[in-house]
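Asker: Protein chains in written order, with the working numbering: chain F, 1 to 471; chain X, 1001 to 1471; chain A, 2001 to 2471. We put the beta carbon where it would ideally sit given N, CA and C, even for glycine. It should be emphasised that the depicted structure is a prediction, and the values quoted were computed from it without experimental measurement.
1) At 9 Å on the CB atoms, spell out the chain A contacts of residue 401 of chain F, in chain order.
2) Counting C-beta neighbours from all protein chains within 10 Å, is the total for residue 21 of chain F 16 or more, i.e. buried, or is it exposed?
3) Could you pull out every residue in the same chain whose Cβ sits closer than 8 Å to the Cβ of residue 2149 of chain A, ignoring the five residues on either side in sequence?
4) In this structure, does DSSP put residue 2306 of chain A in helix, strand or coil?
5) Rounded to whole angstroms, what is the Cα-Cα separation between residue 2091 of chain A and residue 2147 of chain A?
6) Please list the residues of the segment 357 to 375 of chain F that have a C-beta atom closer than 8 Å to any C-beta atom in chain A, keeping them in chain order.
7) Use the C-beta contact count for residue 313 of chain F: other C-beta atoms within 10 angstroms, 16 or more gives buried, fewer gives exposed.
8) Closest to residue 2388 of chain A by CA distance: which of F:436, F:399, F:248 is it?
9) Between the alpha carbons of residue 437 of chain F and residue 80 of chain F, how many angstroms are there, rounded?
10) What separation, rounded to the nearest whole angstrom, lies between the Cα atoms of residue 1264 of chain X and residue 1254 of chain X?
11) Is any beta-carbon of chain F found at less than 9 Å from that of residue 1330 of chain X?
12) Give every residue of the same chain whose Cβ lies closer than 7 Å to the Cβ of residue 1197 of chain X, excluding the five residues on either side of it in the sequence, and list them in chain order.
13) Please name the residue, chosen from X:1100, X:1088, X:1302, X:1301, that lies closest to residue 1061 of chain X on a Cα-to-Cα basis.
14) On the three-pair Cβ rule with 8 Å, is the segment 1070 to 1077 of chain X touching the segment 1152 to 1167 of chain X?
15) Looking at C-alpha atoms only, which residue of X:1027, X:1026, X:1002 is the closest neighbour of residue 1015 of chain X?
16) Classify residue 210 of chain F as buried or exposed, calling it buried when 16 or more other Cβ atoms lie within 10 Å of its own Cβ.
17) Just the Cα atoms here: how many angstroms apart are residue 366 of chain F and residue 307 of chain F?
18) Quick check on DSSP: helix, strand or coil for residue 1014 of chain X?
19) Kindly indicate which residue of F:34, F:352, F:269 has the alpha-carbon position closest to the one of residue 378 of chain F.
20) Under three-state DSSP, which class holds residue 194 of chain F?
21) Once DSSP output is grouped into helix, strand and coil, what is the label at residue 357 of chain F?
22) Roughly how many angstroms lie between the CA atoms of residue 297 of chain F and residue 1440 of chain X, to the nearest whole one?
23) Report all residues from its chain with a CB closer than 8 Å to the CB of residue 432 of chain F; omit the five preceding and five following residues, and keep chain order.
24) Taking residue 380 of chain F as part of the beta strand (DSSP E), name the residues at either end of that continuous run.
25) Output yes or no for whether 9 Å exceeds the beta carbon distance between residue 1063 of chain X and residue 1327 of chain X.
26) So is residue 317 of chain F in contact with chain A if we call contact Cβ pairs under 9 Å?
27) Using the Cβ count rule (16 or more neighbours within 10 Å means buried), how would you classify residue 2279 of chain A?
28) So which of X:1187, X:1175, X:1009 has the shortest CA-CA distance to residue 1193 of chain X?
29) Could you spell out the range, first to last residue, of the alpha helix (DSSP H) harbouring residue 1116 of chain X?
30) Output yes if chain F places a C-beta closer than 9 Å to the C-beta of residue 1442 of chain X; else output no.
31) Name the chain A residues whose beta carbon is nearer than 9 Å to that of residue 1068 of chain X?
32) For residue 1249 of chain X, list the residues DSSP reports as bridge partners.
33) Give the secondary structure of residue 2171 of chain A by DSSP, where H, G and I count as helix, E and B as strand, and everything else as coil.
34) Listing by chain order, which chain F residues have their CB less than 7 Å from the CB of residue 2064 of chain A?
35) Once you ignore the five residues that flank residue 2103 of chain A on each side, which residues in its own chain have a CB closer than 8 Å to its CB?
36) Can you find at least 3 beta carbon pairs, one from the segment 27 to 43 of chain F and one from the segment 1343 to 1351 of chain X, that sit closer than 8 Å?
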């Protein structure tokens, strides 16, 4: 349906369709996401079964099923090796698929429901409704497609018309897969992104081991704060040499603090000795955001900040199944006060770009748009996670554009590990923008020239410029 | 007007009307509210004058009139016996009614205005506009109706097509009215709801007396924490034997805390001695929410939690007129952190249902929908109090459905003490849902089958299942 | 375009246009704003160049340009005399204008963009689109107009059909300009507003000097708290004698506290000695809000409270350019708890009107509307600053009317220093209200009589009554 999702008011629908058609064939830019680079390192990569592809990695899907009493074991999710006594996961993928389809009404009017329906139609050519009756037919059709050469990730890259795709990689990743991709001579553009959380969060399990690994990879012993900073700079340079244009940072809050060198060194030393407190950890994270801003204003890597997800909120699920199991919960966020120390130092820095994401929609109009409408370093990331939905994106445009304009936005990113859902996610964004701009156009807030310029910016240019993908 | 309140866009209006007509004759389920059971205990109950029925018990009405300078005395509200020097209330009900009608423009575009207009039209058959000129004619028509047998509560129960109606009853209520109803052989289904706030809030005036009464009713001396818990369990069992399927709990915040048995006992002992501090009270309330969740996961009573109303905000009104005088004010709420101790213990409990209500709309998309979209015990109550309005309900659906779906919602409850307004309140909810679903349908997010299934669920099934009314 | 901005749904558009046409010729009431009284004191006042008029005083414009990397110097903004090493400002106004026009796409879909476009069309008769190509033609047309007698402020006052316009004046202003206006015999109504922030905020630079000036103007030595209060009362009486009907107060939060006379005196004494702490300052501000409410309930001046702007958030801009440079940022606000001490004392005061403004939209439905729907002293100011926009005003009506009705609103005020933009700002408000009411009308929430009454109230009556401009 060409005009799916658009307003049904005839004038607005016509305008939306015209705007959408002007951009629907533009290439896709995917500057932030979690696709595994192995998909592209191996030219013959296969996705496995429909359940391997669509269910097991998708915590959007199993969180909802779990909320309605379906166990993760019944969905085939393997428990952690350390989880004593956890139930054995279902192994029959067809049966798992049938169970999912039988409960698919749970996803009515949700983005997950819309994405999968559109992905089946647009990527797999399957227009059957997902339900119990059609479960087997759909399973067979997906399964057959996945076995074909047309569904190798590199072939889909071409078919999806992707221009660039960034992965997200730990600072301690050796980027071997990225090296393999580069060596292969394939002309797809897969970029790494520098994500240092594992070596920054001194309170996190495994931090000490990550520091060892950082030493190894940086080729220098990290034994104090100075050598730590040096090793990080070295890793950033390596990532940049491998094509990275951006970094990514996650934190519970946007708290920033400029520690003195002495304080930073002392906390780091305590952390190395395993003696850092929770308060040390929070202050050090806040300080390292400033330090990363300093590095970005020197090396030019675009800085992304994702705020406000309380990870692993359900201890029972975490103990049995680990991370990313649909149990991450948003908390209230604050930027005006928390970011001030960083902005005091770097807010007017000509070489820095800082993209902000969070899960508290109240910040859109109250803090994010006013801040981005003044500070030259700031850009607003698209609606994140739970808000990457038709209404979520509409509320975002409603809340930020009047104050920040659209040119302080970072365009779209799909932020997904579900590679075949990428075209659908971009399509929804482009349709939302077309419909929103059409509303502005038919009511006379903007004219045709404005609408077309804004449409192209939102669909393509803003992501390209913000993430420096034109290099 | 068949299509009142629906979108005027023709396609959406047609779809909304069709969806609405599919459910408008379904019975009404009223699983949470404040109707007095005496209405049903006495088969000949009469409502009194139009002012007795519509004005004196309705703080929605007199709060607005008070905000515009009309005194409660002029509206006939009696002062507390303890309020020395309070003005005598107006006694002439016709004059009070005239005053209300003369100021009825204050209620333009408010739910109170809409409810009363629709109630007059749909329940009383009065289509005159409420204003000064029509005051007497309306008064006379209501008055005449109220004297007729058709306006006895039991007759209205049949006419309203109510299937079940729950009252809200203190843990220390002997449920005598409910017993009378059961003994009468009438086949209406009136259920009690267990509300233990008066025996849980150790900081509240009258708590000690309530504990005495609890001892009496439970037939055992409540002299320590253990006997207190036992008495509560005994009262729950009694309520359940009288038909209760649910409990209800009100608190200023969603703070929960798992006290050790020793700490709980110590605080309880201090409370009995009249020595509990404010902090004790807050911790004890938070602990008792866990304890009530524990009991519910054992006895199966559905647990409701109403959060975020600052009661009796205006001390002058409180001193002169007491509680429920239109001076309760919402405060900001938080769930992700506050509920965690309870969820850590009972979040995955197969037998527990916890329904959340609050007065801070920012929690809908940021906390409530993500939590309900994961934890199997959680359901979201419908928009509460100030938000039980066309726009309030629309914002609620906009904010929660994309993340939680509709199957993690508890359907509708009217939460009213204004018995004759019940059909109107349900009608508004059903119309909002029909219009919202029609919007989803005509834009292609859902299809006809989805829309009809969701419509029926929102209008009837979700309330029935969530509150276990199918037993 | 007669129906610009209205909904395009034909029935709603027709209704909106009819409502709008019923009020578009009503006089403009401007009860709160920042127009300089000198404009009216000098009958021959000229605005200077188009850049003097439209760019240099408008931080809405240069904040957005600055956010996209354009320096304030390039826009002609003069640095503070104290700012050593600041770049010299551009002096060629035509070049500055060209630069602004070349970047005007940044303002697409923003209120700034809409205001300037409508102002050029409606006030200057210029219908050219603002862009690089048209820059010179527009500059010349504005420039020519500004030189004509028709563009003297007093002539515009008549043409704009302004009925009354209030300026905002420090408590230490001698109101000389206002005296000149009164003496001139001109029949425009320009009122001062009493703004005591400079003598209340004991932590603010310059407070001591302001107290000296207060002593001089009040003709009595302010040497302790009692003489300070007396001096303030004397200034209020003077402002009132000069036509003032209102006061205005700004604070970071709505915190209020009733200090004892002893505590207030002690803090004031510490402040005089330069020894007041930050906490002293916050408590004193909170206390003075109560004190001002007390004075207002005696002298009848309407009290305005503007909450939640973190002023001068960017220290580099503040050091080089000073205040009001587009770097003021909203913060989260709270009223239910913070205002309680004030409401406990004066919430039921028959003679007091307190108008609330803030920059946190979450307070609209959660706190402001419930408070205003009960306390007789409260009125809600229109959406402030970043929210004085089409969508901002729509969200405000959506959020407050169902709970507070419209009769607890203060109508509109333009809050601008950009005098020629006043008709445009009022026009947008009137169109928003017409469109919103039309939506209520065509869906059957209100009838024609209601809609027309509400339209007139929102466009004119509420401002007149709330600010006591009918005196």
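Answerer: Short version:
1) Within the first chain, numbered from 1, the residue matching residue 401 of chain F stands at position 401. Those are 2108, 2109, 2110, 2391, listed as they occur along chain A.
2) Along the first chain, read from residue 1 onward, the residue named residue 21 of chain F stands at position 21. Exposed, by the Cβ-count rule.
3) For the purposes of this step, residue 2149 of chain A is identified with residue 149 of the third chain, where counting begins at 1. If we look at residue 2149 of chain A and ignore the five residues flanking it on each side, its Cβ neighbours are 2155.
4) Here the question's residue 2306 of chain A lines up with position 306 in the third chain. Three-state DSSP puts residue 2306 of chain A in a strand.
5) For this step, residue 2091 of chain A is matched to residue 91 along the third chain. For this step, residue 2147 of chain A is matched to residue 147 along the third chain. Near 20 Å, if we compare the C-alpha coordinates of residue 2147 of chain A and residue 2091 of chain A.
6) 362, 365, 366, 367, 369, 370, 371, 372, 373, 374, 375
7) Counting from 1 along the first chain, the entry for residue 313 of chain F is found at position 313. Result: buried.
8) For the purposes of this step, residue 2388 of chain A is taken as the residue at position 388 of the third chain. Of F:436, F:399, F:248, the residue nearest in Cα terms is F:399.
9) Position 437 of the first chain holds residue 437 of chain F. Position 80 of the first chain holds residue 80 of chain F. Rounded to whole angstroms, residue 437 of chain F to residue 80 of chain F spans 47 Å at the Cα level.
10) Within the second chain, the letter at position 264 stands for residue 1264 of chain X. Within the second chain, the letter at position 254 stands for residue 1254 of chain X. Spanning the two alpha carbons is a distance of roughly 18 Å.
11) As a first step, residue 1330 of chain X is located in the second chain; it is residue number 330 there, counting from the start. Chain F contact via Cβ: absent.
12) Along the second chain, one-based indexing puts residue 1197 of chain X at 197. Counting only Cβ-Cβ distances below 7 Å, and skipping sequence neighbours, we find 1249, 1250.
13) In the second chain, counting from the first residue as 1, residue 1061 of chain X sits at position 61. Of the candidates X:1100, X:1088, X:1302, X:1301, the one whose C-alpha sits nearest the C-alpha of residue 1061 of chain X is X:1100.
14) no
15) Locating residue 1015 of chain X in the second chain gives position 15, where the first residue counts as 1. Here the closest residue by C-alpha is X:1002.
16) Against the first chain, residue 210 of chain F aligns to sequence position 210. Flag for residue 210 of chain F reads buried.
17) To locate residue 366 of chain F, count along the first chain from 1; it is residue 366. To locate residue 307 of chain F, count along the first chain from 1; it is residue 307. Taking the straight line joining both Cα atoms gives about 16 Å.
18) Taking the second chain and counting its residues from 1, one reaches residue 1014 of chain X at position 14. Residue state, collapsed to three classes: helix.
19) Within the first chain, the letter at position 378 stands for residue 378 of chain F. Ranking F:34, F:352, F:269 by Cα distance to residue 378 of chain F puts F:352 first.
20) The residue given as residue 194 of chain F occupies position 194 in the first chain. Residue 194 of chain F falls in the strand class under three-state DSSP.
21) Indexing the first chain from 1 puts residue 357 of chain F at position 357. The answer is strand: DSSP assigns residue 357 of chain F an E or B state.
22) Position 297 of the first chain, counted from the first residue, corresponds to residue 297 of chain F. Position 440 of the second chain, counted from the first residue, corresponds to residue 1440 of chain X. If I take the Cα positions, the gap works out to 45 Å.
23) As a position in the first chain, residue 432 of chain F is number 432, starting the count at 1. Closer than 8 Å at Cβ, skipping near neighbours: 5, 390, 393, 394, 397.
24) Translated into positions along the first chain, residue 380 of chain F becomes position 380. 378 to 380 is the extent of the beta strand (DSSP E) around residue 380 of chain F.
25) As a position in the second chain, residue 1063 of chain X is number 63, starting the count at 1. As a position in the second chain, residue 1327 of chain X is number 327, starting the count at 1. Yes. Within cutoff.
26) As a working mapping, residue 317 of chain F is identified with position 317 in the first chain. It does not; no Cβ of chain A falls within 9 Å.
27) Counting from one through the third chain, the residue named residue 2279 of chain A turns up at place 279. Exposed, by the Cβ-count rule.
28) Mapped onto the second chain, residue 1193 of chain X falls at position 193. Checking every option, the nearest Cα to that of residue 1193 of chain X belongs to X:1175.
29) The count along the second chain starts at 1 and reaches residue 1116 of chain X at position 116. Here the alpha helix (DSSP H) through residue 1116 of chain X covers 1111 to 1122.
30) Stepping through the second chain from its first residue, residue 1442 of chain X is reached at position 442. Output row for residue 1442 of chain X: interface = yes.
31) Here residue 1068 of chain X is taken as the residue at index 68 of the second chain, counted from 1. Ordered by position in chain A, the residues that pass the 9 Å Cβ test against residue 1068 of chain X are 2376, 2405, 2407, 2408.
32) Working through the second chain from its first residue, we reach residue 1249 of chain X at position 249. Answer is X:1305.
33) The residue you call residue 2171 of chain A lines up with position 171 of the third chain. Coil, per DSSP.
34) Taking the first residue of the third chain as position 1, residue 2064 of chain A is located at position 64. 373, 405, listed in chain order.
35) For this step, residue 2103 of chain A is matched to residue 103 along the third chain. Counting only Cβ-Cβ distances below 8 Å, and skipping sequence neighbours, we find 2065, 2068, 2070.
36) no
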